[in-house]
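Residue numbers (the numbering used here), protein chains in the order written: chain A, 7 to 275; chain B, 591 to 851.
For reference, the structure discussed in these notes is given below.
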């Protein structure tokens with residue numbers, strides 16, 4: 007990133023992927039964006055461009071956004087070939103125009119993969135991630151009043167590591183960055199954030215088997231250990247979690263195959 | 591799903607098969623190199639070693655079948671995973687070329703180095719095991735070598751002095767005296783080393799033994815291993831090519847060349 011504190015306005019050309027619908031053919035269209043404040047966020051710049059388009063009676067560029075604070079995982083643009091654009095550890099909404107130079111051509115594409123079909127322009131359907139979460143991204147607990155704090159001891163190191171994994175905002179940059187459209191980093195983060203806690207143990211094996219199985223069935227690709235995912239992750243989640251999930255999955259598969267099962271058909275009573 | 595089902599049909603399972611078969615093959619190429627480096631000792635060594643391996647009979651076939659199975663599984667896993675990966679990349683959106691952020695050269699080249707390694711293995715077997723290429727210099731068509739000393743394995747004399755054995759020593763040197771063959775070997779083992787660099791690193795990631803705590807060290811170990819492996823392989827054709835390693839004393843060219851086929 008260019009550390010530029012000047013307020014000199016800049017003008018860029020946006021080369022945006024326009025696609026009217028999932029079944030429509032798309033194409034790149036150039037839009038000039040003139041006299042922008044370098045302190046504008048990338049999404050604010052898109053807002054300005056969209057205002058101009060609307061005034062002219064053209065269809066504004068559809069793009070996904072929500073919190074604009076880098077914590078919701080909704081924004082999802084591949085900017086100049088890198089998911090979430092220049093910089094490390096930032097989501098698209100935290101990219102500022104000072105990262106670009108006057109006269110730049112900025113290519114903007116949706117996050118894409120076979121399981122992430124384009125809905126319109128820069129918006130893709132990432133509900134495949136929800137299906138993976140539904141398969142095992144939860145723990146079964148007694149719902150009711152909150153349990154006493156610290157009633158279940160959790161080592162600080164485990165809690166810290168689990169928090170690193172839990173930083174995942176589910177944006178899908180890992181899938182977009184992977185040449186194989188693999189969701190391993192996302193699934194690894196979600197498997198690990200629960201698997202590292204005592205509360206996650208009863209369903210640990212079931213969880214990893216179900217989530218990986220669902221990931222495979224949804225058509226995500228396989229990991230080639232190139233670590234493009236963690237390089238593109240706006241939360242800089244480490245691919246160490248992928249190694250951890252691999253170990254967890256293999257161990258669960260072996261345990262599942264060899265552990266004794268109760269012959270009883272009834273309950274305890 | 592069952593264990594076998596998980597290993598053969600899940601992404602992580604197939605990668606595990608790829609990693610484990612790859613490791614077996616890494617073990618094989620290390621052993622193969624160490625065995626071959628005996629060429630720099632007296633001809634008794636490599637010729638005795640070759641005769642010893644052939645003498646193993648059924649055991650040799652067990653090893654061959656295990657290796658073939660590993661090669662087969664490794665290629666099968668690579669193929670199905672690659673096809674799935676391509677399909678996963680298909681979408682209704684733009685088809686932009688991938689821009690790399692940090693993937694290593696070895697990882698980006700791994701499929702291509704794999705193709706070259708496969709071609710090389712087939713050629714290598716054709717040349718030195720089956721005698722389909724370079725027939726005139728194939729061990730079966732060279733005069734037999736008489737062992738001047740015992741060849742010992744773990745202290746046991748497995749091939750006795752005076753035994754008539756195939757002259758692998760001369761076959762290798764005659765084979766590598768062709769610059770084209772030697773250069774192909776050098777390029778191929780170079781690419782194999784690059785293949786192993788990504789493979790070795792990936793093995794630890796796939797089985798889950800890699801983490802930031804030691805991934806830097808692991809990469810260095812892999813680099814040193816691959817460099818050493820390449821150099822070890824380079825010196826055999828290399829030294830023949832530059833004339834530093836010549837035919838053994840007393841080698842006589844066969845009177846009739848390639849009578850069988």
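Beta carbons are placed, not taken as given, at the ideal position from N, Cα and C, and that holds for glycine.
Asked: Going along the segment 786-814 of chain B in order, which residues come within less than 9 Å of chain A, judged by CB to CB distance?; Found: 788, 791, 792, 794, 795, 796, 797, 798, 799, 800, 801, 802, 803, 805
Asked: So residue 68 of chain A and residue 128 of chain A are in contact, right, with Cβ under 8 Å, and what is the actual spacing, rounded?; Found: 6 Å
Asked: Checking contacts by CB at 9 Å: is residue 40 of chain A closer than that to chain B?; Found: no
Asked: Starting from residue 41 of chain A and walking both ways along the beta strand (DSSP E), at which residues does that stretch end?; Found: 33-42
Asked: Can you find the residues in the same chain that come closer than 6 Å, C-beta to C-beta, to residue 192 of chain A, ignoring five residues on each side of it along the sequence?; Found: 180
Asked: Taking residue 241 of chain A and residue 93 of chain A to be in contact with their CB atoms under 8 Å, please state how far apart those CB atoms are, rounded to whole angstroms.; Found: The pair is not a contact, with the Cβ atoms about 13 Å apart (cut-off 8 Å).
Asked: Where does the unbroken alpha helix (DSSP H) through residue 676 of chain B begin, and where does it stop?; Found: 648-679
Asked: If contacts are defined as beta-carbon pairs under 8 Å, then residue 43 of chain A and residue 15 of chain A qualify, I think. What distance do you get, rounded to the angstrom?; Found: 6 Å
Asked: For chain A, is any of its Cβ atoms less than 9 Å away from the one on residue 851 of chain B?; Found: For residue 851 of chain B, the predicted structure reports a pLDDT of 49, less than 50, and the residue's modelled location is therefore unreliable. The matter cannot be settled from this model.
Asked: Restricting to runs no shorter than 3 residues, where is the beta strand (DSSP E) found entirely within the segment 89-166 of chain A?; Found: 111-116, 124-126
Asked: Buried or exposed for residue 13 of chain A, going by 16 or more other Cβ atoms inside 10 Å?; Found: exposed
Asked: By Cβ distance, which residues of its chain are closer than 6 Å to residue 753 of chain B, with the 5 residues on each side in sequence left out?; Found: 737
Asked: Just list the alpha helix (DSSP H) runs in the segment 40-79 of chain A, keeping only unbroken ones of 4 residues or longer that don't cross its boundaries, in chain order.; Found: 48-61
Asked: Return the first residue and the last residue of the alpha helix (DSSP H) that residue 633 of chain B is part of.; Found: 633-645
Asked: For the alpha helix (DSSP H) that residue 604 of chain B lies in, which residues bound it at each end?; Found: 601-626
Asked: To the nearest angstrom, how far is the alpha carbon of residue 637 of chain B from that of residue 164 of chain A?; Found: 57 Å
Asked: When the distance is taken between beta carbons, is residue 188 of chain A closer than 9 Å to residue 597 of chain B?; Found: no
Asked: Which residues in chain A sit within 8 Å of residue 783 of chain B, going by Cβ to Cβ distance?; Found: By Cβ distance, chain A contributes nothing, its closest Cβ being about 18 Å from residue 783 of chain B, past 8 Å.
Asked: Quick one: is residue 248 of chain A near chain B, going by C-beta distance under 9 Å?; Found: yes
Asked: If you pair each beta-carbon of the segment 767-786 of chain B with each one of the segment 801-817 of chain B, do three or more pairs fall below 8 Å?; Found: yes
Asked: For the segment 58-65 of chain A against the segment 94-110 of chain A, are there 3 or more C-beta pairs whose distance is under 8 Å?; Found: no
Asked: Which class does residue 809 of chain B belong to by DSSP, given the choice of helix, strand or coil?; Found: helix
Asked: Which of helix, strand or coil does DSSP assign to residue 702 of chain B?; Found: helix
Asked: Excluding five sequence neighbours on each side, which residues of the same chain lie with their C-beta closer than 7 Å to the C-beta of residue 120 of chain A?; Found: 187, 225
Asked: Determine the closest residue to residue 839 of chain B out of B/708, B/820, B/778, B/759, with distance taken between C-alpha atoms.; Found: B/759
Asked: Please report the residue range of the beta strand (DSSP E) in which residue 742 of chain B lies.; Found: 741-743
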